[in-house]
């Protein structure tokens, strides 16, 4: 597959959604019962969640827009020789759209294990994917998170862009979020790649951070691949 270059960038619809929710509480139980009211009657709705083992953060199995949880993992950074957990994340996929893409390219028979081709198809696809992040390390600011992402995106864009860097592209994922936003433990950030995203290179580079050859969490990448195999 030929490498993506900047000339592949095409103006379409909005690329990403960023929704920082300060001080949102992470769910710690495997399921949560939430009471909702319909008319005069109250009904209980059980929300199924999956707990990410490294951070203890729980993620709903299904988002309100229908995307399904495919994998959970943790982002770590080495600070003064110590591995610090920064946030837990959950990756959500439009399974119907992704199933159509994968079966259209690979066929009806699933590979015996996740392959590089499968991950690349996901990265290159125009299927909606949301990454939900829950901060577990205190004293973060949006500026610190943006700097971390800009560095990672810059590396991914270079790999997808024939070895060329693009500072303009790498700074766009969280560019609209204020640097002054404080992100205490429990804060949530959601970034979505939507169908018809604006910058093809940027959209691919963001997903590449999680599914590329040097992912944030290798176990999470493997779990994501197994989830994709279940779509066949």
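Residue numbers (our numbering): 76 to 307. From the three backbone atoms N, C-alpha and C, an ideal C-beta is built for every residue, glycine too. This structure is a prediction, so every number in the text was calculated from the model and none was measured.
Check                                                                                                                                                                                   : Outcome
Using a threshold of 9 Å, state whether the C-beta atoms of residue 203 and residue 168 are closer than that.                                                                           : yes
Please report the straight-line C-alpha distance between residue 297 and residue 185, rounded to a whole angstrom.                                                                      : 15 Å
So what does residue 215 bridge to, in DSSP terms?                                                                                                                                      : 258
What did DSSP end up calling residue 127 once you bin it into helix, strand or coil?                                                                                                    : coil
Measure the beta-carbon distance from residue 212 to residue 159 and round it to whole angstroms, keeping in mind my assumption that it falls under 8 Å.                                : 6 Å
Going by other Cβ atoms of all chains shown within 10 Å of its Cβ, with 16 needed for buried, is residue 259 buried or exposed?                                                         : exposed
Tell me which residues share the same chain as residue 182 and place their Cβ nearer than 6 Å to its Cβ, disregarding the 5 neighbours each side in the sequence.                       : none
I'd like the list of long-range same chain contacts for residue 294, defined as Cβ closer than 8 Å, with 5 residues on each side in sequence excluded.                                  : 148
State the start and end residues of the unbroken beta strand (DSSP E) segment that holds residue 143.                                                                                   : 143-154
Hey, how far is the Cα of residue 170 from the Cα of residue 301?                                                                                                                       : 13 Å
Tell me where the alpha helix (DSSP H) around residue 172 begins and ends.                                                                                                              : 170-181
Would you tell me roughly how many angstroms separate the C-alpha atoms of residue 174 and residue 266, rounded to the nearest one?                                                     : 21 Å
With 16 as the cutoff for other CB atoms within 10 Å, does residue 153 come out buried or exposed?                                                                                      : exposed
For the segment 282-294 against the segment 135-145, do three or more pairs of beta-carbon atoms, one drawn from each stretch, fall closer than 8 Å, so that the two count as touching? : no
Here's the rule I'm using: 16 or more other beta-carbon atoms within 10 Å means buried, otherwise exposed. How should residue 155 be labelled?                                          : exposed
Taking C-alpha atoms, which residue in 130, 140, 191 lies nearest to residue 151?                                                                                                       : 130
Of the choices 190, 176, 209, whose alpha-carbon is the least far from that of residue 163?                                                                                             : 209
Which residues share a DSSP beta bridge with residue 157?                                                                                                                               : 154
What does the Cβ neighbour count give for residue 98, buried or exposed, with the cut at 16 atoms within 10 Å?                                                                          : Only weak support exists for where residue 98 lies, its pLDDT of 27 falling under 50; the coordinates are left without a value.
When the Cα atoms are used, what is the spatial distance from residue 132 to residue 270?                                                                                               : 28 Å
Look at residue 180 and residue 157 and say whether their C-beta atoms are less than 9 Å apart.                                                                                         : no
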